[in-house]
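Q: Structure incoming, see below.
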Amino acid sequence: MDIYTELVLVKNSKTKKFEDKTDEINYLKYLQDKVEVTYIKNPNRVYSYNSLNIIIFESPKKVDLNQLIVYVSGFLVREPSIVLDFGEYIKIIEVKGKTEVYHKSKVAYENSCLNSKQAKAVFEYFKKLSPYISVTEDGRTALFDLYKKITKISENSVLSTYLSGKSIKKHTYNNTKIFPFGFNLSQKKAVNTALENSISVIEGPPGTGKTQAILNIIGNAVCRGKTVAVVSGNNSATANVQEKLEKNGYGFITALLGKYDNKVDFFENKQADIPDLKEWNVEALEEKNLYEKLQDIDKDLDDLLKKQNEMLKLKEELSKFKVEQKYFEAYFNDEYITTSQYSLFRKWSSDLILNFMPYFERLMLRNNYIKLLSRIVLFVDYGIYKFKYISENQNIVIASLKRDYYNRIIEKTEQKIASLESDLKNRSYEKLMEQFIDISSKIFKISIQKRYSKGSRSKYTVKSFKYNFKEFIKDYPVILSTTNSIMTCISENYLFDYLIIDEASQVDLVTASLALACCKNVVIVGDVKQLPQIVPSNIKKISDDIFHGSNIGEAYNYSKYSIIASLMNLYKADLPVTLLSEHYRCHPQIIGFCNEKFYNNQLVIMTEKNENEVPLKIYKTVPGNHARKDRYGNEKGWYNLRQIEVIRDEIINADKDKYDDSSKVGIICPYRKQVTEANKYFEKTKIEIDTVHKFQGREKDTIIFSTVVNDINPFVDDENLINVAVSRAVKEFIMVTSNKLFKQHGTNIGDLTRYIQYNSLEDAVIDSPKVSVFDLLYSEYSEKLLQIMASSKHISEYKSENLMYSVIEEVLSYPEYISFKCVIHIPLNSIVKDFTKLDYEQRKFAENPWTHVDFLIFNKLDKEPVLAVEVDGYEYHRNNKDQISRDKIKDKILQQIKLPILRVATNESGEKKKLIEMLDMIIEESGGDGNNKDNEI
Numbered sequence: 001m002d003i004y005t006e007l008v009l010v011k012n013s014k015t016k017k018f019e020d021k022t023d024e025i026n027y028l029k030y031l032q033d034k035v036e037v038t039y040i041k042n043p044n045r046v047y048s049y050n051s052l053n054i055i056i057f058e059s060p061k062k063v064d065l066n067q068l069i070v071y072v073s074g075f076l077v078r079e080p081s082i083v084l085d086f087g088e089y090i091k092i093i094e095v096k097g098k099t100e101v102y103h104k105s106k107v108a109y110e111n112s113c114l115n116s117k118q119a120k121a122v123f124e125y126f127k128k129l130s131p132y133i134s135v136t137e138d139g140r141t142a143l144f145d146l147y148k149k150i151t152k153i154s155e156n157s158v159l160s161t162y163l164s165g166k167s168i169k170k171h172t173y174n175n176t177k178i179f180p181f182g183f184n185l186s187q188k189k190a191v192n193t194a195l196e197n198s199i200s201v202i203e204g205p206p207g208t209g210k211t212q213a214i215l216n217i218i219g220n221a222v223c224r225g226k227t228v229a230v231v232s233g234n235n236s237a238t239a240n241v242q243e244k245l246e247k248n249g250y251g252f253i254t255a256l257l258g259k260y261d262n263k264v265d266f267f268e269n270k271q272a273d274i275p276d277l278k279e280w281n282v283e284a285l286e287e288k289n290l291y292e293k294l295q296d297i298d299k300d301l302d303d304l305l306k307k308q309n310e311m312l313k314l315k316e317e318l319s320k321f322k323v324e325q326k327y328f329e330a331y332f333n334d335e336y337i338t339t340s341q342y343s344l345f346r347k348w349s350s351d352l353i354l355n356f357m358p359y360f361e362r363l364m365l366r367n368n369y370i371k372l373l374s375r376i377v378l379f380v381d382y383g384i385y386k387f388k389y390i391s392e393n394q395n396i397v398i399a400s401l402k403r404d405y406y407n408r409i410i411e412k413t414e415q416k417i418a419s420l421e422s423d424l425k426n427r428s429y430e431k432l433m434e435q436f437i438d439i440s441s442k443i444f445k446i447s448i449q450k451r452y453s454k455g456s457r458s459k460y461t462v463k464s465f466k467y468n469f470k471e472f473i474k475d476y477p478v479i480l481s482t483t484n485s486i487m488t489c490i491s492e493n494y495l496f497d498y499l500i501i502d503e504a505s506q507v508d509l510v511t512a513s514l515a516l517a518c519c520k521n522v523v524i525v526g527d528v529k530q531l532p533q534i535v536p537s538n539i540k541k542i543s544d545d546i547f548h549g550s551n552i553g554e555a556y557n558y559s560k561y562s563i564i565a566s567l568m569n570l571y572k573a574d575l576p577v578t579l580l581s582e583h584y585r586c587h588p589q590i591i592g593f594c595n596e597k598f599y600n601n602q603l604v605i606m607t608e609k610n611e612n613e614v615p616l617k618i619y620k621t622v623p624g625n626h627a628r629k630d631r632y633g634n635e636k637g638w639y640n641l642r643q644i645e646v647i648r649d650e651i652i653n654a655d656k657d658k659y660d661d662s663s664k665v666g667i668i669c670p671y672r673k674q675v676t677e678a679n680k681y682f683e684k685t686k687i688e689i690d691t692v693h694k695f696q697g698r699e700k701d702t703i704i705f706s707t708v709v710n711d712i713n714p715f716v717d718d719e720n721l722i723n724v725a726v727s728r729a730v731k732e733f734i735m736v737t738s739n740k741l742f743k744q745h746g747t748n749i750g751d752l753t754r755y756i757q758y759n760s761l762e763d764a765v766i767d768s769p770k771v772s773v774f775d776l777l778y779s780e781y782s783e784k785l786l787q788i789m790a791s792s793k794h795i796s797e798y799k800s801e802n803l804m805y806s807v808i809e810e811v812l813s814y815p816e817y818i819s820f821k822c823v824i825h826i827p828l829n830s831i832v833k834d835f836t837k838l839d840y841e842q843r844k845f846a847e848n849p850w851t852h853v854d855f856l857i858f859n860k861l862d863k864e865p866v867l868a869v870e871v872d873g874y875e876y877h878r879n880n881k882d883q884i885s886r887d888k889i890k891d892k893i894l895q896q897i898k899l900p901i902l903r904v905a906t907n908e909s910g911e912k913k914k915l916i917e918m919l920d921m922i923i924e925e926s927g928g929d930g931n932n933k934d935n936e937i
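Residues 1 to 937 in full-length UniProt numbering are what the sequence shown lists, from first letter to last.
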């Protein structure tokens with residue numbers, strides 16, 4: 001019979017299954033409830049079938065295979081020549097003549113996204129660029145070879161979504177998620193988001209447990225019978241995942257593949273037998289009970305995790321308050337009076353102090369004495385009964401209250417911490433966490449036991465595994481590979497349920513796109529604030545030339561974006577992004593810099609601080625231009641032998657006991673030439689020396705960072721490089737730098753220097769005539785003032801200040817000024833350090849507790865004031881001789897302490913431009929030598 005127009009299915013008497021006999025039948029005839037059949041092999045014999053045992057279809061529809069991908073049970077039909085749709089059944093005839101028939105429920109068709117003009121244009125850009133990327137020593141262009149093989153891309157693949165910029169798909173996930181590998185609050189959110197979106201991003205700052213999040217995604221996917229691929233630009237990241245799975249007894253579910261040598265090694269040496277899983281088996285009722293117990297614990301545990309994070313944030317805040325208190329005590333030695341000397345309330349709370357100070361300021365500025373109504377308020381709200389006393393001793397009262405504030409806020413914070421610790425203990429937080437992990441592990445093991453219930457599996461070879469990929473992926477549901485090799489590890493057009501790209505900030509778009517073609521859902525794990533992939537200048541030029549001729553969106557620019565940055569640019573606010581916030585690696589003061597400088601204080605620092613430790617130090621070389629270029633004059637071939645000598649003689653050899661185990665020490669620098677030279681000095685040690693780029697993803701107890709150069713430059717000052725450099729250190733970070741000490745505002749190394757100085761306490765501001773801003777105190781104070789200004793009936797007097805504050809906040813949000821912060825109405829006596837340098841009139845003016853600057857902008861990293869901003873009301877200042885005189889005195893005082901001032905008149909415009917120009921000038925002028933008198937901080 002004609003296989004192209006007819007389909008005859010005959011029921012096998014033994015298997016009871018219908019089989020396609022079309023090409024074997026010579027003739028058939030209907031006889032009521034019987035069908036007579038003769039076969040080509042034996043045309044003289046007539047077979048009689050019950051009509052219920054034979055199904056005959058005719059006149060099929062021919063499926064147009066142009067740009068169509070055909071799948072059977074989720075696996076690609078490699079070379080379909082003709083596909084015939086008989087309604088309930090589909091006949092597939094392959095190029096080589098093989099014919100198979102499937103029930104329609106098993107066959108799926110997918111359009112190729114390359115039918116889309118935009119998708120095709122982006123794909124062609126990547127394809128044209130691929131010959132220039134990852135070229136092997138023998139000249140092979142592996143990526144281009146893979147791109148040439150791609151003629152169709154499934155619309156169900158993530159690559160289709162990415163190339164066309166289509167909306168990210170949402171998934172419903174009803175079951176409680178399992179966390180067999182442990183978790184914290186942000187990791188839990190990351191796993192939930194990954195399972196509920198076709199594209200999601202996990203931002204993993206240093207030391208935040210991204211591998212743990214990856215393992216839990218794998219656990220949930222495998223538990224639901226799904227397949228997972230984990231890839232990265234290097235083998236170390238995937239090997240880490242493999243090691244963790246093996247450590248927990250799940251190594252046998254994974255296949256560590258990748259390039260050809262890795263495949264050979266796996267298939268010849270690492271195909272593990274399935275262990276005895278009988279103990280993992282449970283009854284269905286017990287499995288149901290496990291899920292119910294998990295749900296019961298889940299809500300309580302979420303609440304306790306929030307409280308734990310709140311407690312850790314308070315500990316971080318407490319540490320900052322204690323540092324700030326030490327600065328306050330060092331600079332303010334005025335007479336101290338207790339509140340009991342003028343108030344019935346013997347011990348004022350920190351909130352009461354903050355409420356009182358702005359009220360008292362407004363009261364004293366308006367009147368020289370306290371009126372009856374105000375006395376009533378002072379008595380009722382603050383217990384004050386000595387009104388004359390506080391009027392005559394305003395300075396001492398305010399200074400003493402500031403001292404009290406630090407004591408009260410520290411005491412209050414310690415009480416909150418103790419209360420949270422007690423609550424966590426009483427509600428058995430640790431026990432609940434152990435139970436949740438234990439139950440999750442049991443559920444995960446049950447799912448694995450069901451998968452391998454046969455107790456054995458086939459052995460595969462490098463040549464056979466792709467041809468038997470349907471069985472192989474059941475046996476090994478987790479595949480590990482490098483990003484550029486994953487496509488060589490699967491059968492053609494196979495789609496993993498989940499693909500996880502680790503270290504994604506270093507994965508380029510051409511390589512990543514090949515991986516995205518292999519999955520239905522992707523989880524991008526990385527950190528845009530760490531080092532991206534390096535694009536050589538020759539590749540950048542080629543890329544730019546092709547890109548500008550392609551008429552595609554900026555998000556697909558190979559030269560500018562890694563895959564994680566590209567997705568963020570493409571989807572912006574619509575991209576599901578989770579920041580892993582709990583940090584487990586570094587000393588609190590070390591990661592504190594990265595947290596404040598790069599992560600907007602979003603990290604929750606889980607490590608403990610030892611008051612006796614000195615985790616941050618700076619060594620600077622003696623004056624001189626010690627940095628040199630290599631003999632070829634290479635721009636990136638800088639080295640500095642003097643800095644290497646400082647590391648050897650003043651750090652390592654000066655404290656041999658401390659650095660006895662040199663394997664715990666790492667020396668990092670921006671330039672490869674410095675690495676080469678430093679290795680000559682430390683040949684006999686176990687100290688690891690490398691560039692910052694090569695140290696990404698690694699850690700050492702002590703990290704010594706050599707800046708190399710004489711003067712700061714954009715390459716050394718790159719924010720990603722500085723972030724990675726600092727966060728490699730677990731216990732101690734030492735910066736070895738030029739004698740100029742690099743303190744320029746607006747630079748990352750400058751801010752790092754300031755942060756180290758500020759947190760070292762001893763030598764932080766000795767050379768400055770200005771007092772460090774008491775950030776925490778005045779930030780709280782500013783908030784109170786803003787509340788008063790917003791609710792005041794006399795809002796007109798604050799209107800111009802409110803407008804200027806909005807301008808300042810906007811400007812300080814710009815990247816170039818992100819290290820600056822603003823507080824309002826800061827008393828002059830809180831800024832001036834040495835009053836002896838002021839004349840009598842200036843000193844009297846400055847010591848008045850209510851003489852303030854409208855706005856004070858300071859550097860967040862070391863609290864140094866950089867700019868005072870005054871808003872001059874036109875009507876108030878025009879003919880007011882007293883005010884004009886006060887303004888002149890204030891200007892002279894600020895000039896004396898070298899604090900720039902910007903005056904903005906309310907009848908003028910261009911405030912934003914003036915502020916930007918002033919800040920730019922401050923940054924430029926701060927680029928002097930910044931010398932500090934001591935060699936070590």
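Just so you know, even glycine gets a beta-carbon here, dropped at the ideal spot from N, CA and C.
1. Could you check if residue 921 is buried or exposed, using at least 16 other CB atoms within 10 Å of its CB as the buried criterion?
2. Would you say the segment 639-652 touches the segment 700-716, given that touching needs at least three Cβ pairs under 8 Å?
3. Per the DSSP calculation, residue 103 is bridged to which residue(s)?
4. Could you tell me whether the segment 729-741 touches the segment 608-615, where touching means 3 or more Cβ pairs closer than 8 Å?
5. Alpha carbon to alpha carbon, how far is residue 422 from residue 822?
6. Quick check: residue 9 and residue 19, are their CB atoms within less than 8 Å of each other?
7. CB residue 391 to CB residue 369, shorter than 8 Å?
8. How about residue 144 and residue 470: do their beta carbons lie closer than 8 Å?
9. In whole angstroms, give me the CA-to-CA distance for residue 107 and residue 6.
10. Within the continuous alpha helix (DSSP H) that includes residue 272, where are the two ends?
11. From the DSSP output, in three-state form, read off residue 241 for me.
12. Mind checking whether residue 701 and residue 658 have CB atoms under 8 Å apart?
13. According to DSSP, simplified to helix, strand and coil, what is residue 638?
14. Quick check on residue 151: does DSSP put it in helix, strand or coil?
15. Under a Cβ-count criterion, where at least 16 other Cβ atoms within 10 Å of its own Cβ denotes burial, should residue 418 be classed as buried or exposed?
16. I want to know whether the segment 211-223 touches the segment 596-607 - three or more CB-CB distances under 8 Å.
17. Can you tell me where the beta strand (DSSP E) with residue 526 in it begins and where it stops?
18. Go ahead and label residue 793 buried or exposed: buried means 16 or more other beta carbons lie within 10 angstroms of its beta carbon, across all protein chains shown.
19. Considering only the alpha carbon of each residue, which of 281, 818 and 886 lies closest to residue 844?
20. Please name the residue in 819, 345, 267 and 407 whose C-alpha comes closest to that of residue 321.
21. Under a three-way DSSP split, which group does residue 143 fall into?
22. My guess is that residue 785 and residue 825 are in contact by the Cβ rule of under 8 Å, so how many angstroms apart are they, rounded?
23. Rounded to whole angstroms, what's the CA-CA distance from residue 209 to residue 713? Just pull it up for me.
24. Roughly how many whole angstroms lie between the Cα atoms of residue 919 and residue 905?
25. Report the CB separation of residue 37 from residue 47 in whole angstroms; it is logged as a contact under 8 Å.
26. Tell me, which residues are paired with residue 702 by DSSP?
27. Smallest Cα separation from residue 871: which of 13, 911 and 881?
28. Residues bridged to residue 256 by DSSP?
29. So for residue 816, helix, strand or coil by DSSP?
30. Could you tell me if residue 194 is buried or exposed, where buried requires 16 or more neighbouring beta carbons within 10 angstroms of its beta carbon?
31. Could you tell me the boundaries of the beta strand (DSSP E) in which residue 617 lies?
32. Quick one: is residue 461 buried, meaning 16 or more other Cβ sit within 10 Å of its Cβ, or exposed?
33. Quick one: grab the DSSP three-state call for residue 425.
34. Under 8 Å, do residue 158 and residue 759 count as touching if we go by C-beta distance?
35. When you compare the segment 189-204 with the segment 509-529, are there three or more beta-carbon pairs, one atom per stretch, that lie closer than 8 Å?
A: According to the structure data:
1. exposed
2. yes
3. 89
4. yes
5. 37 Å
6. yes
7. yes
8. no
9. 19 Å
10. Per DSSP, residue 272 belongs to no alpha helix (DSSP H) and is neither H nor E.
11. helix
12. no
13. strand
14. coil
15. exposed
16. no
17. 522-526
18. Bear in mind that the predicted position of residue 793 carries a pLDDT of just 48, short of 50, making it unreliable; the figure below should be weighed with that in mind. Residue 793 is exposed by the Cβ-count criterion.
19. 886
20. 407
21. helix
22. 6 Å
23. 33 Å
24. 18 Å
25. 5 Å
26. 665 and 732
27. 911
28. 480
29. helix
30. buried
31. 616-620
32. exposed
33. helix
34. no
35. yes
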